[in-house]
Structures are given as structure tokens and as C-alpha cells.
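Same order as they appear, the protein sequences are chains A and B. Take 2 as the starting number for the first sequence in the working numbering and just add one per residue. Take 98 as the starting number for the second sequence in the working numbering and just add one per residue. Structure, as C-alpha cells:
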Amino acid sequence: NAGVMQNPRHLVRRRGQEARLRCSPMKGHSHVYWYRQLPEEGLKFMVYLQKENIIDESGMPKERFSAEFPKEGPSILRIQQVVRGDSAAYFCASSPPGQGRNYGYTFGSGTRLTVV
Amino acid sequence: AQSVSQHNHHVILSEAASLELGCNYSYGGTVNLFWYVQYPGQHLQLLLKYFSGDPLVKGIKGFEAEFIKSKFSFNLRKPSVQWSDTAEYFCAVNGHHGSSNTGKLIFGQGTTLQVKP
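Quick look at the structure:
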């Protein structure tokens, strides 16, 4: 049973470009969470999605950031017009449906975004 | 608002020393508590979790943690560390009100543990 798959592992973008980060949840998991880890800081919640629904986006910056989890395919975190401050590690986690989300979830290996 | 504080940012120990990493949270309601470990270059792995019942929980690799509700604390312990325990450790809290729980975690800043052989 494959774990949570994130790609790419490393992504370099120039200022002003777009970054697309992908997350494929574990088999049978229908909940996806995105977290951002800035240098020297802990992980900060960004968004919680279920298939085709954004449930909680209270941690998402108001501009340039968006997330989706379509019926088919991986969850995508999209950052438009990246700036240097977006450089961070972005982690995705998934959990099973129902109360399973309360029991701790499985994290992916992360995507390290570097904006130059 | 929920918050988590890890007091030790960087801890250096020799092998076989005992470990205790502090974690305090602020939230007045029901909490689920977690400790995660992140080895260099790897993803976060769950060490242990507390939901209810016995406040002393045992996790993988000889780690344990004690939930002290009156102190809003969930400190991580290990009696004898090994070089392979060198990693970053994160305390996390999921505060909720029953069925409205979204599973969102609030993380502490992390503690870097360096174990010298």
C-alpha cells in the first residue's frame, strides 16, 4: 500500500512563475491536508479538502494560493506569481473518511519549493 | 485560538542519556495530542498519540508521553536515547468540539535533537 505521494520533491521557480504541487493520498483516503513549513518554523495548516470540496481553507493566504482535490487525480496546491517568501517545504497528509481523520494522518515526503 | 509551544528548540545529548521534550498547548476544549518525528530528509512520522484514557501513552522506538490536563502539557520522554534518535520532533494538537472536528493540527515550532555517539 503506497503511502502519500508528493511530487515533485524539489521545485525551483523564478519570481513571478507558477508553482504546482501534487499530492496523491493513500489508497482509501478521501481527506487531504496541506501544510507549509517555513525555515526554522513548525508546520502551519493551510487547507483541508475532501473530494471536490474545500472544507477548511482558514490557513491559506488570501491571494495567489489555491487548492483543489478533483474527483479523479491528485490534489493540487497552486501558487501563482511566486515570491521569495513562498520558499518553504509543503507537506501533504491524508486520512481515511469518517472519524478516521481524528486518529492522526499519514504525511508525504514534502515538496521543497525554492523561489529564485 | 489554539497554540502549541515547545520550549526546547535545540537539545544535545550523549547516547544513553534520558530525554524529555516539553510541549504545552492552549485550548480549553477537548484535545487530541500527537508527537511526530522528522528524520533528516524524510517525512513526518507519527511517534505516538493521545485521545483519551490512560494519560501515559507509549509509542514506537521506546518513546512515551504523559498528558497532564491541569498543566496543558504533553511532554515526550525516552529513558535512554540512541544516535539514531537524532531528528526533529514536533508536538501537535487537534482541538475540537466532537463532530465538528476537521482533523486540523496545530504544530509547535519543533525541537531539534542531536545525539552524540
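C-beta: ideal position from N, C-alpha, C; glycine also.
ask   = Can you list the residues of chain A that I203 (chain B) reaches, using a CB-CB cut of under 8 Å?
value = F46
task = Just list the beta strand (DSSP E) runs in the stretch 53-82 of chain A, keeping only unbroken ones of 3 residues or longer that don't cross its boundaries, in chain order.
result = 54-57, 66-69, 76-80
key: Given E69 (chain A) as reference, the closest of A:R14, A:H32, A:M27 once Cα atoms are compared   = A:H32
message = Along the stretch 56-83 of chain A, where does the CB come closer than 7 Å to a CB of chain B? Name the residues.
response = I56, D57
task = Compute the distance between the beta-carbons of T208 (chain B) and Q103 (chain B), then report whether it is under 7 Å.
result = yes
message = Quick check: is the beta carbon of Y91 (chain A) nearer than 7 Å to any beta carbon in chain B?
response = no
key: Contacts of F187 (chain B) in chain A (Cβ-Cβ under 8 Å)   = G43, L44
task = Determine, using beta-carbon pairs with one atom in the stretch 169-188 of chain B and one in the stretch 82-101 of chain A, whether at least three such pairs fall under 8 Å.
result = no
Interface positions of the stretch 129-156 of chain B facing chain A (Cβ-Cβ less than 8 Å), listed along the chain = N129, F131, Y133, Q139, H140, L141, Q142, L143, K146, F148
ask   = Mind listing which residues of the stretch 108-129 of chain B have their C-beta closer than 7 Å to chain A's C-betas, in chain order?
value = N129
ask   = Any beta-carbon of chain B closer than 7 Å to the one on G29 (chain A)?
value = no
message = On a Cα-Cα basis, can you pick out the residue from A:F108, A:K52, A:G111, A:D87 that is closest to Q18 (chain A)?
response = A:D87
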